[in-house]
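The sequence shown begins at 9 in our numbering and counts up one residue at a time.
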Amino acid sequence: MKLSRLAANLYCWSTFILVTLAFGAFLPLLALAQTLSPGKSPGRPLRLAIRRYGWILLRLLSPAVPISVENRAGALPLPAIFVANHRSALDPYLFGMLEVENAFITGWPFNIPIYGRVMRAAGYIDARNGWPEVEAQGQHLIDEGCSLIIWPEGHRSRDGKLGRFRQGAFKLAAATGRPLIPVAIIGAGEVLPPGKSLLTPGPIKLIILPPITLKKGDDGVIVPRLLAAETRKAITKELAAW
9 MKLSRLAANL YCWSTFILVT LAFGAFLPLL ALAQTLSPGK SPGRPLRLAI RRYGWILLRL
69 LSPAVPISVE NRAGALPLPA IFVANHRSAL DPYLFGMLEV ENAFITGWPF NIPIYGRVMR
129 AAGYIDARNG WPEVEAQGQH LIDEGCSLII WPEGHRSRDG KLGRFRQGAF KLAAATGRPL
189 IPVAIIGAGE VLPPGKSLLT PGPIKLIILP PITLKKGDDG VIVPRLLAAE TRKAITKELA
249 AW
């Protein structure tokens with residue numbers, strides 16, 4: 009049954025609030041799990057919980073916003089660096105649909121009360137800390153088997169066009185030697201575009217594209233600029249098909 013826009017928004021926002029409150033109620037237990045977590049990855053239990061939170065939320069929202077995932081990459085070469093286009097506040101939640109341990113590299117969401125503290129505890133990386141720290145933290149997470157998720161545009165596109173790619177994701181791929189996996193997010197910008205608080209019911213699709221080969225320049229060194237160009241080309245081609 010197709011929901012009206014008003015009914016869809018009442019359902020989606022009330023579901024979001026209830027699921028988020030339920031997740032918050034488990035934070036003390038998660039904090040205990042963090043403390044007792046053996047090994048060198050204390051953020052892993054919380055990262056798993058965040059993925060489950062996103063998965064549950066999106067499953068419950070499916071009557072209004074059905075989500076589908078298409079994997080064209082086959083067996084994923086993990087850990088990897090996932091690079092996606094960014095058009096909606098819904099985009100980060102979509103990665104809860106992937107059974108891949110991951111952490112975000114982002115900026116302003118660290119300013120959100122409670123969210124920011126949870127993100128830090130999970131080992132997410134604040135892109136505003138400067139490249140040396142971002143590289144060190146990224147390498148540490150990669151060494152632990154944790155993939156990274158980056159939106160190279162740096163902000164949500166307001167005109168629907170793919171913005172200029174910043175170089176951080178590609179410098180990190182060159183530094184770590186881990187593969188880049190482009191991700192095309194289709195429909196999220198139509199469901200919840202920047203600056204809007206009311207959703208328009210509709211489908212969202214997450215397309216995992218084949219990994220980008222870490223090409224070297226004439227001097228035998230991996231060139232981030234070339235990686236950025238090839239990754240952007242792959243995502244642009246997919247977006248144009250829709």
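The C-beta atom is built at its ideal place from N, Cα and C for all residues, glycine as well.
Our two residues, Gly197 and Leu217, have alpha carbons roughly 19 Å apart in a direct line. It is roughly 28 Å from the alpha-carbon of Ile215 to the alpha-carbon of Leu18. Nearest neighbour of Ser12 by Cα position, chosen from Leu207, Ile220, Arg233, turns out to be Leu207. With 16 or more other Cβ atoms inside 10 Å of its own Cβ, Arg186 counts as buried. Residue environment: Lys204 is assigned as exposed (fewer than 16 neighbouring CB atoms within 10 Å of its CB, all protein chains considered).
Counting every other CB atom within 10 Å of its CB across the protein chains shown gives Phe90 a total of 16 or more, marking it as buried. Beta bridge pairing from DSSP links Ile157 with Phe90, Phe112. Per DSSP, Ile194 is one residue of the beta strand (DSSP E) stretching across 188-194. If you draw a 10 Å sphere on the C-beta of Ala88, you find 16 or more other C-beta atoms in it, and that means buried. Contact between Arg164 and Ser76 does not hold, since the beta-carbon distance rounds to 21 Å and is not under 8 Å. Within the same chain, and ignoring the five residues on either side of Leu222 in sequence, the residues whose Cβ sits closer than 8 Å to its Cβ are Ala181, Ala182, Gly185, Pro187, Leu188, Ile230, Leu235. In the structure shown, Asp167 falls within a coil segment according to DSSP collapsed to helix, strand and coil.
Rounded to the nearest whole angstrom, the C-alpha separation of Ala249 and Lys241 is 13 Å. Pairing Gly195 with Lys245, the inter-Cα distance amounts to about 15 Å.
Straight across, the Cα-Cα distance linking Ala15 with Asp227 is about 59 Å. Contact check between the stretch 61-78 and the stretch 22-39: three or more CB pairs, one atom from each, fall below 8 Å, which counts as touching. Where Leu56 is concerned, the enclosing alpha helix (DSSP H) starts and stops at 52-69. Rounded to the nearest whole angstrom, the C-alpha separation of Ala237 and Ala177 is 12 Å. Secondary structure of Ile122 (DSSP, three-state): coil. In chain order, Trp159, Glu161, Arg164 place their CB closer than 6 Å to the CB of His94, counting only its own chain and leaving out the 5 sequence neighbours on each side. As the crow flies, the alpha-carbon of Lys179 is around 27 Å from that of Val126. Asp99 is not bridged by DSSP to any residue.
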